[in-house]
Each structure stands twice: as structure tokens, then as C-alpha cells.
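In what follows, a structure is listed as C-alpha cells, so that the remarks can point back to it.
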Amino acid sequence: MQNLKRALLARHLAMMSICAVIGAGYLLGAGAAINAAGPAVLISYALGGLVTILVVALLAEMASGMPAAGSFQFYVSLAHGGFAGFITGSIYWLAFLIGPATEAIVAGEILHSWFPAVPNWAFYLLIAALVVAVNGAGVLLFGEAEFWLGMIKTLALVAFILVGAAALLGPTGTLGGLSGINALGAGAADGIGASSGWGGFAPMGLAGILSAMMIVIFAYGGAEAIGMASEESLRPEKDIPWALISSTLAIVALYMISTAVLVSILPWSQAGISTSPYTDAFRILLGPGAAIAMNFVVLTAALSTIGMGVYATSRVLFSLSRDGYVPSAFSQVGSAGTPLPSIAASGMVLFLGALVFYLFPAFAYLWLASLSGFGFLFSWLMIALSQPKLHSILQESNPNKSAWKAPFFPHLQRLAVVLMLAIFAAQALIPSGRIVLLSGAGWLVAASIYYLAAFKRGFK
1404 MQNLKRALLA
1414 RHLAMMSICA
1424 VIGAGYLLGA
1434 GAAINAAGPA
1444 VLISYALGGL
1454 VTILVVALLA
1464 EMASGMPAAG
1474 SFQFYVSLAH
1484 GGFAGFITGS
1494 IYWLAFLIGP
1504 ATEAIVAGEI
1514 LHSWFPAVPN
1524 WAFYLLIAAL
1534 VVAVNGAGVL
1544 LFGEAEFWLG
1554 MIKTLALVAF
1564 ILVGAAALLG
1574 PTGTLGGLSG
1584 INALGAGAAD
1594 GIGASSGWGG
1604 FAPMGLAGIL
1614 SAMMIVIFAY
1624 GGAEAIGMAS
1634 EESLRPEKDI
1644 PWALISSTLA
1654 IVALYMISTA
1664 VLVSILPWSQ
1674 AGISTSPYTD
1684 AFRILLGPGA
1694 AIAMNFVVLT
1704 AALSTIGMGV
1714 YATSRVLFSL
1724 SRDGYVPSAF
1734 SQVGSAGTPL
1744 PSIAASGMVL
1754 FLGALVFYLF
1764 PAFAYLWLAS
1774 LSGFGFLFSW
1784 LMIALSQPKL
1794 HSILQESNPN
1804 KSAWKAPFFP
1814 HLQRLAVVLM
1824 LAIFAAQALI
1834 PSGRIVLLSG
1844 AGWLVAASIY
1854 YLAAFKRGFK
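Residue numbers (my numbering): 1404 to 1863.
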């Protein structure tokens, strides 16, 4: 059996986790979530953040105690059998390829606006080729690239928070002629602030908060991805838990604070997906030059998330191949210690997915982002359901081996399961949520048919 190369350091892991999460899915998708819920989207982001923290805490124990490529797909198989593991791996593979494909659409649009003579599909192909090349060149090079790309978008969000806070808290009218600052629906004069004239804190009520949830889960999706790097980490027992927990806490804090600033500056009814709400907010605060700079940040954010998407999905495909669920060619490892066939396959699907989304734009972003959110939430639920079994295995095999244990066992695990089931149940109460649930169920049925028809015939 060929093994992946261990080369990733703690700083790579932490920034790779941030890169997997903070992309155009948040910088652009935040507009859709805000438009659905108004300033009350903060409740959606808080609930999504809590669920994410609980899930990565559970995953950290498993990944540090039993490092494995494909990570939780392997853990689900161990806890609940091969069928459950395959279903989890396949739906996660789909969820994490939908995300990068939508990111490629955003990146392609930005590049096309700069170079209008080049068609969009050429940029999709260029992006896919670049991401495949960097992923295949070696995990250390990939980790370095993600580290610096992640640094750009993290610093940009911090800068937005500082500039926005200065506008909100500074003397009235000192920034761009704006006046009447009062955040989050408390009521204000014309100017910056989610005033009562904009509908108050929760203009769409509970339905708006619920309808934003899958977009929010999509924005948090990827926080678990670094668990799949445990087989490529130099010190998985120490670095994986630290990277998972610290990066997720940082992401939740960045999301909550920056979204609070955003809804205090930009009227929620003006937010959408035609442009990034952060670009619009920077234009209000600092003028058109800052908006152009923010487009560059959105581009780097999209590229880094695409890179992590191909990384994560290629490791899932590699793990599924090693377990015999897909052809053995996908478990081949190149001279750089990376699963080249799996990387190439994920890159090809990325390009084709972006092309389809471009050709059928009315069908694309919101529905597919929500479907991706369904896939992430389903995968998280399976992680949580697998943790008790893995906890027992780790305790029995070597109680001192795991460098990190999920706190408050089993209460934390039970809380995570209850919250995720509640989010799924709540989606059935709104029309858009029912469509997403039916679409996700369709993928589960398709994956089940493949498992029964192909693997049960002895497909290796």
C-alpha cells in the first residue's frame, strides 16, 4: 500500500483550515444570507459556528488518535460499516466539489472583468490546471501556497473590521460624509447603520433565520477538512487538534464580527450575490479604489478555497479507492507523495462543474450552495455519530495515545447531534429548505444504488 508523504507543519494546517472555509462562499454568499435574514443572520452564523466548533472538537480526538487519509470517511466506516462510510465519503466529495466550482465561477468573473477578451471557460480551465499542478507538486508546496493566500484574506477581513469599526464608532460624518451611525437595527438617521428604517434586527422573522442556515453551513463548510491531512502531518497527535480548534474559533470570530460590521454599514435589502457585500461596503467606506482591492481579495480567497477543495476531495477519493469503493487507480501515489490520479479527477470535475454552472446560471449559485451545505451538515452529523465508537476504540487500544480528548464526553457529542438534527428538521418548514432536503436525499439514493450495484459485485 502506498502512503502519502508527511510534511505539513502546524502553521500550514491552521491556515489550510482557514483557506478551506473563508472563500467566495462567505465573501459573496454572505450577501445571500443577509438578504434572507437581515441583521438576524448573526443568529444563523452563531448557531452554525457553535455546531462547527462542536464537530471539529469531536473530529480532533479521532484524527489525533488515529490519523488516516480521508479521515472521517474512514472513521464512519469503522464505527458504522462500509456502507455508511461510502455514503458519507461520496456526499462529502460532492459537497466539497460544488463549493470550489462555484468559487471558480466567481474567480472567472473577476478575471474576465479584468481581461474581457478572454472567455470565462478559459479561466475555469486555467484555474483547474493551476490548482491541480500546485496540489500535485507536493504537500509542502501546497501548504505554503495556502498559507500565504490564507494570510491575504484573513488580513483583509481584519482590515474591514477595523475600518468599519472606525466608521461606526468615530465622530459623526468624519468618514466619506456619512452620518447617523447606529448599528443592528436600533434606529438611526440616514447613513451607516441597520436602522429601523431597514426593517429592524429581524425583518424576515424566524423564517429568514432558518432560510439562511444552509448558506451559513456552506460558509462554514471545510472547517473539518484539515482532519484529512492527519496522515500528511508531521505531528498529527499535537498539531491536528490545535489546528482544528484554533482555526475554527478564529473563523467563527471573524465571521461574527465582520458580519456585524457589514450589516451595520450596508442595508440588508441591498445585499445579494451579484457582487460581494464586502466590495460594496468598502466602496461606501473608502471609495472605488478599495472596492477594486477587495475584488482582488475575493479572487485570492476563491483560489485558496478551490485549492483546498481539490485537496480534500482528492483525499476522499484516495481513501475510497484504498477501501475498494472506486477503481484502484485513484489510490496511486506519485513521486511527490501525492495522489495524482485523484487530484486530476477532482480538478477535471471542478472544471466541468464550473462550466455547467456558467452555462445555466439561473440554476446555479443559491440552490447549489444550499445543496453543498446539506452535504457538509450530513457529513458533520456522521462524524458526531461515529465519535462514541471511536472514543471507545481509542480508550481500549491505548488510553494514553490520544493527545487530545473531546471535553464533556458524551454530552458534547449529544448536543452536536441534537443541534444538527434540529437544523435538518427546520429546513422542512420552509419551501427552499424542502427543495434542498429532497435534492440531498436524491444524492443519497444515487450513492446507495451505486454501492449496492457496483461494490456488491466485488468491484475493486
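Note that beta-carbon positions come from the ideal geometry of N, C-alpha and C, so glycine has one too.
Computed from a predicted model, the values in this text were never measured in an experiment.
Query raised in the report: Given a threshold of 16 other Cβ atoms within 10 Å of its Cβ, counted over all protein chains shown, does PHE1733 qualify as buried or as exposed?
Result: buried
**Report entry** Complete alpha helix (DSSP H) runs within the segment 1603 to 1671 (minimum length 4 residues, chain order)
**Finding:** 1608 to 1614, 1616 to 1623 and 1639 to 1668
Query raised in the report: With distances taken between CB atoms, is the gap from VAL1719 to ALA1559 smaller than 8 Å?
Result: no
Query raised in the report: Do three or more CB pairs link the segment 1456 to 1466 to the segment 1439 to 1446 at distances below 8 Å?
Result: no
Query raised in the report: Around the C-beta of TRP1517, are 16 or more other C-beta atoms found within 10 angstroms, so that it is buried, or is it exposed?
Result: exposed
Report task. Determine the direct distance from the alpha carbon of ILE1620 to that of ILE1421, and round the result to whole angstroms. Result -> 15 Å
**Report entry** Beta-carbon proximity check, ALA1696 vs ALA1417, cutoff 8 Å
**Finding:** no
Query raised in the report: Is DSSP giving PHE1475 helix, strand or coil here?
Result: helix
Query raised in the report: PRO1691 by DSSP, collapsed to three states: which one?
Result: helix
Requested in this report: Under 8 Å by Cβ, that's how I've got ILE1618 and GLY1432 pegged, so tell me the actual separation to the nearest angstrom.
Outcome: 5 Å
Query - Integer Cβ distance of ALA1487 from MET1785, believed to fall under 8 Å - result: 7 Å
Requested in this report: With DSSP as the reference, label ALA1520 as helix, strand or coil.
Outcome: coil
Query raised in the report: How is the alpha helix (DSSP H) around VAL1729 delimited, first residue to last?
Result: Looking at the DSSP string, VAL1729 is not in any alpha helix (DSSP H), and its letter there is neither H nor E.
Query raised in the report: Between the C-alpha atoms of MET1469 and LEU1797, what's the straight-line distance to the nearest angstrom?
Result: 8 Å
Query - Selected residue, minimal CA-CA separation from THR1662, among VAL1424, MET1419 and ILE1446 - result: ILE1446
Query - N- and C-terminal bounds of the alpha helix (DSSP H) containing PRO1744 - result: 1743 to 1762
Query - Three-state secondary structure assigned by DSSP to PHE1685 - result: helix
Query raised in the report: Excluding sequence positions up to five away, which residues of its chain have a Cβ less than 6 Å from the Cβ of LEU1743?
Result: GLY1539 and GLY1737
Query - Start-end ranges of the alpha helix (DSSP H) lying completely within the segment 1428 to 1465, minimum 4 residues - result: 1432 to 1440
Query - LEU1793 versus PRO1813 - alpha carbon distance - result: 12 Å
Requested in this report: In angstroms with no decimal places, state the Cα-to-Cα distance between GLY1452 and VAL1820.
Outcome: 14 Å
**Report entry** CB of ALA1684 within 8 Å of CB of ILE1668, strictly
**Finding:** yes
Query raised in the report: I think ALA1443 touches ALA1610, with their Cβ atoms under 8 Å apart; what is that distance to the nearest whole Å?
Result: With 8 Å as the limit, ALA1443 and ALA1610 do not qualify as a contact, their Cβ atoms being about 10 Å apart.
Query raised in the report: How should SER1614 be labelled, buried or exposed, when 16 other C-beta atoms within 10 angstroms of its C-beta is the threshold for buried?
Result: buried
**Report entry** SER1782 vs PHE1475 beta-carbon contact at 8 Å
**Finding:** yes
Requested in this report: Can you give me the Cβ contacts of LEU1758 inside the same chain, cut-off strictly under 7 Å, excluding the 5 residues immediately before and after it?
Outcome: TRP1524 and TYR1527
Report task. Would you give the residue range spanned by the alpha helix (DSSP H) that VAL1542 belongs to? Result -> 1542 to 1572
Query raised in the report: DSSP three-state call for VAL1736: helix, strand or coil?
Result: coil
Requested in this report: State the start and end residues of the unbroken alpha helix (DSSP H) segment that holds ILE1838.
Outcome: 1834 to 1857
**Report entry** Supposed close pair GLY1567, VAL1666 - CB separation, criterion 8 Å
**Finding:** The pair is not a contact, with the Cβ atoms about 10 Å apart (cut-off 8 Å).
Query - Burial state of GLY1690 (16 or more Cβ within 10 Å) - result: exposed
Report task. Within its chain, find whatever has a CB closer than 8 Å to the CB of ILE1612; leave out the 5 residues flanking it on each side and keep chain order. Result -> ALA1440, ALA1443, VAL1444, ILE1446, SER1447 and ALA1605
Query raised in the report: Does the distance from the C-beta atom of VAL1713 to that of GLY1750 stay below 8 Å?
Result: yes
Report task. Give the C-beta separation of LEU1688 and ALA1570 to the nearest angstrom, bearing in mind that I take them to be a contact with Cβ-Cβ under 8 Å. Result -> 6 Å
**Report entry** C-alpha gap between TRP1807 and ILE1513, whole angstroms
**Finding:** 42 Å
Query raised in the report: So, LEU1529 versus VAL1752, is the Cβ gap smaller than 8 Å?
Result: no
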